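Structure, as C-alpha cells:
In this note's numbering, the protein residues as written are 1 to 185.
Dropping the structure here:
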C-alpha cells in the first residue's frame with residue numbers, strides 16, 4: 001500500500017521523533033482527533049495519545065504521545081455511528097486487552113495504515129481446539145519494519161474458557177509449544 005507524502009504539524013513530527021526508539025521514524029499517516037490531539041503511524045509503530053490528558057489546544061510533545069509497536073496491537077475496529085476508532089493492545093495472558101478509543105471524523109489513511117501494519121505484523125495465527133470447538137487462538141507477531149525483530153507470542157482463549165479452569169493454561173501452553181515447533185519458531 002502506498003501513501004502520498006503529506007506535511008504534518010512540526011510539533012507532531014517532533015513528538016514522534018522524540019518518542020522513537022532507534023532509527024528515525026517518518027510519519028506515513030496521521031489523523032487529528034476531535035479533542036485536537038493527534039495519532040500517527042510509521043513503518044514500525046503507532047503513536048497514540050499518552051495516558052495523561054492534555055488540553056485540547058496543547059501542541060503535541062514526546063510526552064503527549066506513546067509509541068506502541070505494531071506487533072503489540074491485537075486488533076482495531078471502526079464504529080461509524082460513534083465516529084470512534086477502537087484500538088486494542090496485547091497484554092499479559094489472563095488480563096484484559098488495553099483499549100484506546102480515538103474519537104475522529106474519519107480514520108482515512110490512518111485507518112488504512114493501521115489495518116495494513118497490524119496484518120503485516122502477524123507471522124503465525126492458529127486456532128487450536130481445547131474443549132470441543134472452544135480453544136485458544138495462538139498468534140506470533142513481529143514488527144513489520146524488521147524481519148530480524150523477535151517474534152512476540154500470545155494466546156487468547158475463546159469465550160467460555162477461563163484460565164482458572166483446570167488444565168486450560170497447561171493445554172494452551174502445550175498448543176503454543178506445538179505451533180512454535182511446527183513452524184520452527
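Ideal placement from N, C-alpha and C gives every residue a C-beta, glycine not left out.
As the structure is a prediction and not an experimental result, all values here were calculated from the model.
- For residue 112, the enclosing alpha helix (DSSP H) covers residues 108 to 121.
- When C-beta atoms of the segment 152 to 172 are compared with those of the segment 124 to 143, three or more pairs fall below 8 Å, so the two segments count as touching.
- Taking a contact to require three or more Cβ pairs closer than 8 Å, the segment 67 to 86 and the segment 38 to 49 qualify as touching.
- Per DSSP, the continuous beta strand (DSSP E) segment holding residue 73 begins and ends at 73 to 79.
- Counting every other CB atom within 10 Å of its CB across the protein chains shown gives residue 108 a total below 16, marking it as exposed.
- Note that the C-beta distance between residue 91 and residue 97 is below 9 Å.
- Taking a cut-off of 8 Å for Cβ pairs, the segment 144 to 153 and the segment 27 to 34 do not touch, as fewer than three such pairs fall below it.
- According to DSSP, residue pairing for residue 30 in a beta bridge involves 40.
- Only buried fits residue 64, as 16 or more other CB atoms lie within 10 angstroms of its CB.
- Its Cα nearest to that of residue 89, the residue 77 stands out among 105, 83, 81 and 77.
- Per DSSP, residue 138 lies in no alpha helix (DSSP H); the unbroken beta strand (DSSP E) holding it starts and ends at 134 to 141.
- Distance between residue 104 and residue 21, taken at the CA atoms: about 27 Å.
- A straight line joining the alpha-carbon of residue 116 with that of residue 183 spans about 23 Å.
- Under the three-state reduction of DSSP, residue 18 is assigned to helix.
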